[in-house]
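Here is the structure we will look at, set down as structure tokens.
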Amino acid sequence: MKKFIIFISLICIVVIILLMLKPNRWDAYFQKKLNDAPREFIVNSLKSIPNPSSNATAIDFGAGVGHETLLLLQKGYKVLAIDNQKSALNILLNRTDIKPYQNQLQTYESSFEKLNLKNTPKSEIVIASFALAFCKPKQFKQFWQQVTKHIKPGGYFIGNTFDPGFTAFDKKDRDNMTFHTKNETIKLFDDFEILTLNEIKKEATISGKFDHYYEIVARKK
């Protein structure tokens, strides 16, 4: 019996080690994204709003490898970069173009569902580029309240929502995502002045699938 227990324990240890060594499906994605240019919509939107005052703060939700984070840092913001993937934040922190801004940067590893910004000051700008949809539906309302609460009056939101017609995901992923129609997207910004609302619908890289989303720039009232 003792030998059997030892054997089972060894099997459990091996399984745990194998699970730890199993590559995260996001790791290769983030390495590939590192070579991408910042999204044109984000670049142009940041150019369209006033330059920040000294000590202005920004939050980048779903920061990934830091393309939008870098843009914010370059404009002079102190940035809180949030992502639920440690590998993405590690890449972000080790970017040679971001290292000079370390004193302006904080990172926070968390899923949107478990996010706690209780002690985080309000910001002049929030970016959520292709990020909001990756909050689970049941937790989205609470998450969105945290997002809007942490934008100062007169501050800006720049980001996207995904329409239900965004079909470039399989059912397993879609079940854990939150989608908004155009009217539902507008409703999210009842406390904002919507400055830009673009509807984008195009064929996805997967045959027969579509990218369907909204680009939003809004100023909090």
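The sequence shown lines up with residues 1 to 221 when you count with the UniProt record's numbering. Virtual Cβ for every residue (Gly too), placed ideally from N, Cα, C.
Asked                                                                                                                                                        : Found
State the DSSP-derived secondary structure class of Y101, mapped to helix, strand or coil.                                                                   : helix
Going by C-alpha to C-alpha distance, which of F134, D170, V65 sits closest to E113?                                                                         : F134
With DSSP collapsed to three states, give me the class of N51.                                                                                               : coil
Taking C-beta to C-beta, are I125 and G76 nearer than 7 angstroms?                                                                                           : no
Give me the Cα-Cα distance between V65 and I91, rounded to the nearest whole angstrom.                                                                       : 6 angstroms
Give, in chain order, every unbroken run of the beta strand (DSSP E) that is at least 3 residues long and sits entirely within the segment 38-96.            : 57-61, 78-83
For E203, count the other beta carbons within 10 Å of its own beta carbon; 16 or more makes it buried, fewer makes it exposed. Which is it?                  : exposed
Enumerate, from N- to C-terminal direction, the unbroken alpha helix (DSSP H) stretches of 4 or more residues contained entirely within the segment 145-221. : 171-174, 182-188
What residue from S123, L195, K209, F210 has the CA that sits closest to V218's CA?                                                                          : The sequence given here has Ala at residue 218, not Val. The candidate whose alpha carbon is nearest that of A218 is L195.
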